[in-house]
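Heads up, the thing below is written out as structure tokens.
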Amino acid sequence: MQRIVTALSGLLLGGLTLAQTFPISIKHEAGTLELAAPARRVVVLEYSFLDTLLALGVKPAGAAIGTQGGDRGPAPYLKPLLGGVNSIGSRAQPSMEAILAAKPDLILADAFVHKDLIPQFQKIAPTVAFHSRRGSYDDLMQQVLLIGRMLGKEKLARTLFADQASLLAKARSFANPRAPGLVAAVATPTSLTLHSSESFIGSLLERLGRKNLVRPQNGQSQFEVSLEGLVALNPPTLVLFTAKDENPITREWAKNPLWQNIEAVRRGRVWEFDRDLWTRSRGPLALKLIVAECIDSGLLGDLSR
Numbered sequence: 002m003q004r005i006v007t008a009l010s011g012l013l014l015g016g017l018t019l020a021q022t023f024p025i026s027i028k029h030e031a032g033t034l035e036l037a038a039p040a041r042r043v044v045v046l047e048y049s050f051l052d053t054l055l056a057l058g059v060k061p062a063g064a065a066i067g068t069q070g071g072d073r074g075p076a077p078y079l080k081p082l083l084g085g086v087n088s089i090g091s092r093a094q095p096s097m098e099a100i101l102a103a104k105p106d107l108i109l110a111d112a113f114v115h116k117d118l119i120p121q122f123q124k125i126a127p128t129v130a131f132h133s134r135r136g137s138y139d140d141l142m143q144q145v146l147l148i149g150r151m152l153g154k155e156k157l158a159r160t161l162f163a164d165q166a167s168l169l170a171k172a173r174s175f176a177n178p179r180a181p182g183l184v185a186a187v188a189t190p191t192s193l194t195l196h197s198s199e200s201f202i203g204s205l206l207e208r209l210g211r212k213n214l215v216r217p218q219n220g221q222s223q224f225e226v227s228l229e230g231l232v233a234l235n236p237p238t239l240v241l242f243t244a245k246d247e248n249p250i251t252r253e254w255a256k257n258p259l260w261q262n263i264e265a266v267r268r269g270r271v272w273e274f275d276r277d278l279w280t281r282s283r284g285p286l287a288l289k290l291i292v293a294e295c296i297d298s299g300l301l302g303d304l305s306r
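Read in order, the letters of the sequence shown are residues 2 to 306 in the working numbering.
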């Protein structure tokens, strides 16, 4: 897959504007897809795929936007864009019957979440599996190019790709080169999950000029940590992703004297952002909103809270 992505990136960076032709061959995490013509009826099973299709001007034939299995549903920024989009269940519990009823000619699945379901999807329609939930910033942006190819919108996808690179370059000018490292984590009512330098948001923050102190653990780009584990890391900057309708575990931890020993707390460098946007969306539309908040909040400049 990496060779294909590198070739696509080379076309973009080289400024070539070759007309897209079919058939095409796409390598992905579950095999190789051959497409004789652009996909027209696409079912998406992750929010990043939904975001990407909408950024490319395409309404999916079906999307995993339900709340079955405890899913929170799509982030608020997506909801106004979903008129006419049929729900096929949630990301955790997609409905095979609803997917079949959508009559897709392409299904976009998550290689981690839907690993065991891919054979069933393939009986309904050609299926591509990408790492979205466990993907890095580079993974997700490369998927924009590949999805654009499958939709016959390669030129527009290359434009989106270039726009993202330009956006990040501009945002880096707001970063304080002397800022210390940070730890980024999702705080739910029951756990704190660190997002390493190979997660989407963890790698994005590094791209924006803030060093991520957390590296993958046991092959996992995201993993849980206790209060004692966080204190041991002693981050100079702490970035938390929380939900407004939840009481994150860090509220209780803040009552513990150990919390006050964390350097980020002493420095006044603890940020909170909406986890529905920052860690669940992962697409070109979400990226613009995230980068704007990175700048406006003072996070990139390491400004006091």
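For each residue, glycine too, the CB sits at the ideal point set by N, CA and C. Small disclaimer: the values here were computed from a predicted structure and weren't measured.
Straight-line Cα distance separating residue j from residue i
i       : j       : result
Lys-60  : Pro-258 : 50 Å
Leu-109 : Leu-57  : 15 Å
Thr-128 : Ile-119 : 7 Å
Thr-189 : Ile-66  : 21 Å
Ala-287 : Met-142 : 12 Å
Gly-85  : Ser-305 : 44 Å
Ala-64  : Leu-51  : 7 Å
Arg-41  : Arg-134 : 24 Å
Glu-35  : Phe-274 : 40 Å
Ser-298 : Trp-272 : 8 Å
Ile-202 : Ala-166 : 15 Å
Met-97  : Ala-176 : 46 Å
Ala-103 : Val-226 : 41 Å
Leu-301 : Ser-282 : 21 Å
Ala-265 : Asn-248 : 20 Å
Arg-313 : Ala-255 : Look at the range of the chain in this structure, 2 to 306, and you will see that residue 313 is not part of it.
Pro-77  : Gly-284 : 14 Å
Ile-148 : Gly-220 : 26 Å
Ala-99  : Ala-163 : 36 Å
Lys-156 : Gly-210 : 29 Å
Candidates the options: closest to residue i by CA position
i       : options                            : result
Glu-253 : Leu-55, Ser-192, Pro-237, Leu-161  : Ser-192
Ile-263 : Leu-288, Asp-277, Val-232, Pro-285 : Val-232
Ile-296 : Arg-173, Thr-128, Trp-260, Glu-247 : Arg-173
Val-43  : Gly-74, Ser-88, Gly-67             : Ser-88
Lys-28  : Phe-131, Lys-171, Asp-246, Glu-207 : Phe-131
Leu-55  : Leu-46, Thr-33, Leu-79             : Leu-79
Cβ neighbour criterion (16 or more within 10 Å) applied to residue i
i       : result
Ser-200 : buried
Thr-22  : exposed
Arg-179 : exposed
Gln-261 : exposed
Arg-216 : exposed
Ala-126 : buried
Thr-238 : buried
Ala-293 : exposed
Ser-204 : buried
Ala-185 : buried
Glu-229 : exposed
Leu-53  : What sits at residue 53 in the sequence shown is Thr, not Leu. Buried, by the Cβ-count rule.
Ile-291 : buried
Lys-154 : buried
Pro-81  : exposed
Bridge partner(s) assigned by DSSP for residue i
i       : result
Ala-321 : In this structure the chain extends from 2 to 306, so residue 321 is not present and cannot be described.
Phe-242 : Val-187, Phe-274
Gly-299 : For Gly-299, which the question treats as bridged, DSSP gives no partner whatsoever.
Gly-32  : His-29
Pro-95  : Gly-90
Leu-193 : Ala-188
Ala-64  : Val-45, Ser-88
Phe-224 : Leu-195
Gln-218 : Gln-221
Asn-213 : Leu-183
Close Cβ partners of residue i (< 6 Å) along its chain, the five nearest in sequence each way excluded
i       : result
Val-1   : Because the chain here runs from 2 to 306, residue 1 falls outside it and cannot be looked at.
Lys-212 : Gly-182
Gln-218 : Phe-224
Gln-144 : Phe-131
Asp-72  : Ser-91, Arg-92, Ala-93
Arg-270 : Thr-238
Own chain residues within Cβ distance below 7 Å of residue i, not counting five before or after
i       : result
Thr-68  : Gly-74, Ser-91
Thr-251 : Ala-188, Leu-193, Leu-241
Asp-140 : His-132
Phe-113 : His-132, Arg-134, Arg-135
Tyr-138 : Phe-201, Ser-204, Leu-205, Arg-208
Residues near residue i in its chain [Cβ-Cβ closer than 8 Å; skip 5 each side]
i       : result
Ala-37  : Phe-23, Pro-24
Lys-289 : Leu-168
Arg-150 : Leu-9, Gln-21, Ile-25, Ile-27, Ala-158
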